[in-house]
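What follows is a single structure, written as structure tokens, with notes after it.
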Ligand code: GRF
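Residue numbers (this note's numbering): 28 to 217.
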């Protein structure tokens with residue numbers, strides 16, 4: 028059984044989608060949901076799903092090994108960032124080398140890097156009149172949005188699409204591909 032921890036900073040619809048995908052699986056289980064936001068809706072979703080959760084602050088995450096120790100106590104095999112907005116400290120990357128996956132709501136390397144998250148991404152894509160956008164699922168390294176890319180999926184953008192329309196198309200790709208990409212990746216993780 029591969030055990031995963033999911034990090035989210037906001038709504039957590041991807042976290043819920045992943046938990047539902049693996050419900051009843053004998054291959055993958057969700058050990059915990061972790062968030063840096065005490066009021067993040069992902070905590071409500073975790074409670075409803077019966078998944079343990081942890082709220083942490085910068086001291087726990089960056090200036091001490093509290094979060095790392097928690098993850099090690101659960102013996103997680105992988106960490107999934109699903110809408111997590113803080114930069115991952117090198118200590119966490121070194122504690123879980125090539126074991127941290129992130130999803131970005133654009134076709135990296137375009138529209139990536141600091142400050143490019145959520146609607147900021149979709150607004151920039153629409154403003155630049157791009158003909159397509161998509162998602163990127165990638166390993167996390169010490170540079171924002173720069174780790175090895177595992178999967179990209181694309182969607183066309185019509186002239187009438189608003190940023191909100193694009194966000195809906197991107198979420199649809201995330202829900203369809205993220206759990207499948209995690210499952211395939213974990214089957215190869217030692
Ligand atoms: C998703 O669009 C994801 O690509 C990005 O943050 C958003 C999280 O949405 N990293 P949710 O919290 O899973 O609803």
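No residue lacks a Cβ here, since even glycine has one placed at the ideal position from N, Cα and C. Treat the numbers as computed from the prediction; the structure is a model and nothing was measured.
Hey, quick one: how far does the beta strand (DSSP E) through residue 128 stretch, first residue to last?
Element bounds for residue 128: 127-131.
DSSP beta-bridge partners for residue 56?
BP columns for residue 56 point to 30.
CB-CB under 7 Å to residue 67, same chain, minus the five flanking residues each way: which ones, in chain order?
Closer than 7 Å at the Cβ level, and outside the excluded window around residue 67, lie 35, 36, 37 and 39.
Smallest Cα separation from residue 77: which of 179, 97, 212 and 42?
Measuring from the Cα of residue 77, the nearest candidate turns out to be 42.
Looking at C-alpha atoms only, which residue of 144, 94 and 123 is the closest neighbour of residue 9?
Here the chain covers residues 28 to 217 and nothing more, so residue 9 does not appear.
Consult DSSP for residue 112 and reduce its assignment to one of helix, strand or coil.
Three-state result, residue 112: coil.
Touch check for the stretch 127-145 and the stretch 95-103: three-plus C-beta pairs under 8 Å?
The answer is no - the stretch 95-103 does not touch the stretch 127-145, with fewer than three Cβ pairs under 8 Å.
Could you please give me the residues that DSSP links to residue 160 through a beta bridge?
DSSP lists 182 as partners of residue 160.
Assign residue 214 to one of two classes, buried (16 or more other C-beta atoms within 10 Å of its C-beta) or exposed (fewer than that).
Exposed: under 16 other Cβ atoms inside 10 Å.
Let me know if residue 186 comes out buried or exposed under the rule of 16 or more other beta-carbons within 10 Å of its beta-carbon.
Classification of residue 186: exposed, given that the 10 Å Cβ count is below 16.
From which residue to which residue does the beta strand (DSSP E) around residue 213 run?
Residue 213 -> not in any beta strand (DSSP E); alpha helix (DSSP H) instead, spanning 190-215.
If you draw a straight line from the alpha carbon of residue 211 to that of residue 55, how long is it in whole angstroms?
Computed Cα separation, rounded: 11 Å.
Just verifying my parser: in three-state terms, what is the DSSP assignment at residue 67?
In this structure, residue 67 counts as coil in the three-state DSSP scheme.
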